[in-house]
Amino acid sequence: MGDAFSAIADDASCVFWNPAGLAQIGHQEITGTHTNLYGADITENYLAFVLPITHNQAVAADWYHSGFEDPEFKFGENRFDVAYGLRLHPKLSLGTSVKLLTRSTDLDEFTVRDGIGIGLDLGLLAFPAKGLRLALVGQDVFNTEVKYSNGLGNAVAYPRNIRVAASYTYRDWATAAVDLDDRVHIGIEGLPVDLLALRAGFQADPDGAEDPVWSFGAGMKAGIFRLDYAYEIHPVLGNTSHFGLSLAFQFNPAQIRIEKVEVRELYASLYKTYATDPAGMVRVRNLRDEPLTTRIAVFVPGFVDAPTEREVILRPRAVQEIPITLVLPDGIMRVEEDRPVQIQVAASYRSARVERSDKASGKAVLYAPGAINWGEGAEQAAAFVTSRDPVVASVAREASRTVMRMEGHPFPSRNVAFAAAMFEALNVLGLAYVPDPNNPYQRISENAHAVDTVHYPRETLQKRVGDCDDTSVLMASMLENVGVPTQLVDVPGHLMILVGTGVDVRHRLGLAVEDDRLVTVGEELWIPVETTALGETFAEAWRRASRAYHDWEGRGRVNLVDVTRAQARFEPALPPGKMEPPALETAELSARLERSSAELLGWRREYLAARFGEASPTKDANSQGLNELAQIYLEAEKPDRARAALERALDLDPEDSATNNNLAVVCVSLEEPGPAADHLRTALRGDPEDPGIRANLARVLYGVGDIEAAEAMLAEAERRAGGREELFSRLGLGGPPTGKGAAWESLLGRGPEEVPFYWKR
């Protein structure tokens, strides 16, 4: 690099170039070079060794020999340096070296002259900005003299030389450097790849009296070895090749230390979770006075081919607890039994150009697939809800097709119909509830350290038996497969499920069941299902679960786990192997569904009789009751009966706003847009401030092609509601889509089967 190295000074040769660089090296290094100057058999050999003694101090020694030999004449010079470098501040280092110089001249094997001298070098290295280095070096500050023996006097071997220098490194792959003394030295280095460096430089007389000396070279690195070569082109003398070999290694104290590795027990069924959910913690101490970029690598021998790595920045002189994450392969699901594992952790960092690391390990138990520790939360059970399992999907789809073929759709909602179909399908397959004789859920779920086994849904379908957790995850898997949301209900000593009905709390009359058989979560109605009631009807499983749920809820002991939300953390994985899905006898399933639907119809009749059988003869009470009855009929897909009830209410009060709005909704379901629009206009006269009526009218107008009037009406509805979100909340539709026009698109042009019309109470 044209001798432009004083501001770089990052290897053992800095003993000569700038001893202040010693404190920056951070590792032991041996460097040796050999040169045949100008092809004239004048040899130069150099050897240096650096030893860091603390994080901020280093010592070094080198030896330089130059000489020429032939049968008659021999000249030799040896220089020995002892150097010391100190880092005063992260941005400033000082260094000094003391040299002992010897020279001798022989002629015809007789010593003509020999002498000895002592010299001193001083160096300064500063780091004012990222990538920038500045240097000031005084070589032979007192003019290094050689005192010859035999009274031959003294001679200045090396006159004082003052150098100022600078270098700049761009993104660790390109460096430019300049040194100024009695000559100008300029060099560049590029790293096209990590293991290869390409260099070029020149040096010249600033007066231009001499032609410049050009040089080119390269360096290659392999492990602890670095091989360097430079080719120097002199304008007058012959060209020179320089060869160098360096060994960089670490015996000095590490700059970081792993103080502790703590690892949780690992569960094969939760292996996907460990990629984001920490499996443990490693405590690392930074021994430096500045931040240190460190790579944490976690390896599990015998299970992974490559470590899981992440980069962290350790704070100066601080101890940090870093979460351990693991990316484990699918093959971990093939583990057949619990076994001990070792978690190896390496904290690596770069000290100058050498990679250093500290290692430690922790021990854990890897539990085979199916194992779970309930003490860490019932949310883990979501990892066993395998709705995408082809075996589960086959049974769930056949059951859903069977119930949808039933005449008259006797269930109060599609989701309830699917819940009944899944439950009765398990009855048809002969599944039975059998508590685990070794680890009953009631006992083991209350032990914070006990490990239980949950069977995957396909395993329960194969064995045809299961306890409460087995049957709950099976039922949830089947329902999630057909798009029905579920929640796990964790109560002391027991697990059951909630099934989302898809019915908003505003439309609870449509289910026509007593409130104590429903559960409200947010704005939606859910039904509890006791999956251990296998052998009974679906209606009985619903009734039994409702009673248990509200009993535990009254004591504040209910913990709900939303399956979809929990799976964002506990992603399910399928067990290995193939399995044929069990055949489902659809005729028997249809018969059981008829029985369940008959029981639910009895609930509906009891509910209607209790609510409307003794209605007050007053106009207001009858009108309200008839509107509620009409809603029940409409949601039961009996629009003719709904219209009849509303027409009776209209006879009592022809201008009633709610009755006219609701009758319009029924007319829409009967595909009668004209009467629907007339009733909505009447409803608006009775209650012009209700934005829901305007939204209904906008949708009807859009359906008959009056687009402009529809958009104007919907805009007015939004204004009267106080904003788009308020309008959607009023309509019971949740938050509106974002973006200009998105709200309109979500209402206009959408049928009641996609977005229900507003029902006024």
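Under this note's numbering, the first residue of the sequence shown carries the number 240, and numbering increases by one thereafter.
For every residue, glycine included, the Cβ atom is placed at its ideal position computed from N, Cα and C.
The structure displayed is predicted, hence computed values, not measured ones.
Pick from the options: whose alpha carbon is nearest that of residue i?
i	options	result
Ala607	Lys877, Glu529, Pro815, Ala875	Pro815
Ala960	Gly931, Glu947, Ala949	Gly931
Arg496	Ser480, His481, Val523, Leu486	Val523
Pro310	Phe349, Gln619, Leu325	Phe349
Ser633	Ile571, Val712, Leu718, Gly616	Leu718
Ile1006	Glu548, Asn525, Ser388, Tyr407	In the structure as shown, the chain begins at 240 and stops at 1000. Residue 1006 is therefore absent and cannot be evaluated.
Gln619	Leu773, Arg924, Leu505, Val380	Leu505
Lys817	Gln701, Glu753, Leu713, Met714	Gln701
Val723	Asp790, Ser639, Asp755	Ser639
Ala621	Ser652, Glu894, Glu550, Leu734	Leu734
His328	Glu316, Val376, Gln263	Gln263
Arg786	His918, Ala689, Ala365, Glu769	Glu769
Ser305	Asn317, His294, Asp250	Asn317
Asp360	Pro367, Asp345, Gln378	Gln378
Gln726	Pro651, Lys460, Val624, Val558	Val624
Ser896	Ala883, Ala875, Asp929	Asp929
Ala954	Asp446, Leu325, Leu986, Gly942	Leu986
Asp528	Lys330, Thr771, Leu261, Ala251	Lys330
Glu753	Ser485, Glu824, Glu845, Thr699	Glu845
Asp345	Phe366, Val321, Lys313	Lys313
Quick one: using the 10 Å Cβ neighbour count with 16 as the cut-off for buried, is residue i buried or exposed?
i	result
Pro856	The predicted position of Pro856 is uncertain, since its pLDDT is 37 and thus under 50; a value taken from the coordinates is nonetheless stated next. It counts as exposed.
Ala656	buried
Ile357	exposed
Asn257	buried
Ser388	exposed
Gly793	exposed
Asn866	buried
Arg644	exposed
Ile611	buried
Leu737	buried
Gln581	exposed
Ile292	exposed
Val475	exposed
Pro976	Note on Pro976: pLDDT 49, under 50, position unreliable in the model; no value is reported.
Gly456	buried
Lys979	Confidence is the limiting factor: at Lys979 the pLDDT is only 40, short of 50, which leaves the residue's position unreliable, though a coordinate-based value still follows. Lys979 is exposed by the Cβ-count criterion.
Glu575	exposed
Trp412	exposed
Asn666	buried
Met459	exposed
Val943	exposed
Glu853	Residue confidence for Glu853 is low, a pLDDT of 45 falling below 50, so the modelled location carries little weight; the figure read from the coordinates is stated next. Exposed, because fewer than 16 other Cβ atoms sit within 10 Å of the Cβ of Glu853.
Any Cβ of chain B within less than 8 Å of the Cβ of residue i?
i	result
Glu550	Among the protein chains of the structure shown there is no chain B, as only one such chain exists.
Which whole-angstrom value describes the C-beta separation of residue i and residue j, a residue pair presumed to lie in contact below a C-beta threshold of 8 Å?
i	j	result
Phe777	Ala659	4 Å
Val728	Val802	11 Å between Cβ atoms; not a contact.
Glu663	Leu832	6 Å
Gly609	Thr512	Not confirmed; about 15 Å, so no contact.
Val396	Thr383	Per the sequence shown, residue 396 should be read as Ala rather than Val. Right, their Cβ atoms sit about 5 Å apart.
Ala751	Arg843	4 Å
Ser836	Ser716	Wrong, their Cβ atoms sit about 24 Å apart, outside the cutoff.
Ala689	Val800	At roughly 19 Å, the Cβ-Cβ gap does not stay under 8 Å, so Ala689 and Val800 are not in contact.
Gly241	His424	5 Å
Thr898	Leu909	In fact, because the Cβ distance is near 16 Å, the residues do not count as touching under 8 Å.
Q) Would you call the stretch 780-791 and the stretch 583-590 touching, i.e. three or more CB-CB distances under 8 Å? A) The stretch 780-791 vs the stretch 583-590: no contact.
(Q) For the stretch 903-916 against the stretch 936-949, do three or more pairs of beta-carbon atoms, one drawn from each stretch, fall closer than 8 Å, so that the two count as touching? (A) Contact between the stretch 903-916 and the stretch 936-949 is present, because at least three Cβ pairs lie under 8 Å.
Q. Okay, do the stretch 271-283 and the stretch 434-443 touch, 3+ Cβ pairs below 8 Å being the bar?
A. With a cut-off of 8 Å on Cβ pairs, the stretch 271-283 is not in contact with the stretch 434-443, counting fewer than three such pairs.
Q: List in chain order: all unbroken alpha helix (DSSP H) runs of 4+ residues lying wholly within the stretch 692-750.
A: Considered as a whole, the stretch 692-750 harbours 696-702, 707-720 as its complete alpha helix (DSSP H) runs of no fewer than 4 residues, in chain order.
Q.
Measuring CB atoms only, is the stretch 511-525 touching the stretch 299-313, in the sense that at least three cross pairs come out at less than 8 Å?
A. No, the stretch 511-525 does not touch the stretch 299-313.
Q. Just checking, does the stretch 258-270 make contact with the stretch 286-300 on the three C-beta pairs under 8 Å criterion?
A. Touching, yes.
Q | Contact between the stretch 593-602 and the stretch 795-809 (3+ Cβ pairs under 8 Å) | A | Fewer than three beta-carbon pairs drawn from the stretch 593-602 and the stretch 795-809 are found closer than 8 Å, and the two stretches are therefore not classed as touching.
Q) In the stretch 312-368, which residue ranges form an unbroken beta strand (DSSP E) of at least 3 residues, counting only runs that do not cross its ends? A) At a cut-off of 3 residues, the continuous stretches assigned as beta strand (DSSP E) that sit fully inside the stretch 312-368 are 312-328, 331-346, 349-368.
Q. In chain order, which continuous runs of the beta strand (DSSP E) of length 3 or greater are located wholly inside the stretch 573-598?
A. List check, beta strand (DSSP E) in window: 578-590.
Q: Check whether the stretch 386-401 touches the stretch 365-374, taking contact to mean three or more Cβ pairs, one atom from each stretch, closer than 8 Å.
A: No contact exists between the stretch 386-401 and the stretch 365-374.
Q: Tell me the start and end of each unbroken beta strand (DSSP E) in the stretch 447-488 that is at least 3 residues and wholly inside, in chain order.
A: If one requires a minimum length of 3 residues, the beta strand (DSSP E) runs lying completely within the stretch 447-488 are 452-461, 464-472, 479-488, in chain order.
Q.
Ignoring anything shorter than 3 residues, give me the beta strand (DSSP E) runs that lie fully in the stretch 777-835, in order along the chain.
A. Given a length threshold of 3 residues, each whole run of the beta strand (DSSP E) inside the stretch 777-835 is given here in chain order: 798-801.
Q) Quick check: the stretch 466-474 against the stretch 447-455, are there 3 or more CB pairs under 8 Å? A) The stretch 466-474 makes contact with the stretch 447-455: 3 or more CB pairs, one atom from each, lie closer than 8 Å.
**Q.** alpha helix (DSSP H) segments (min. 4 residues) lying fully within the stretch 603-676
**A.** With a minimum length of 4 residues, the continuous alpha helix (DSSP H) runs that stay inside the stretch 603-676 are 629-643, 653-667.
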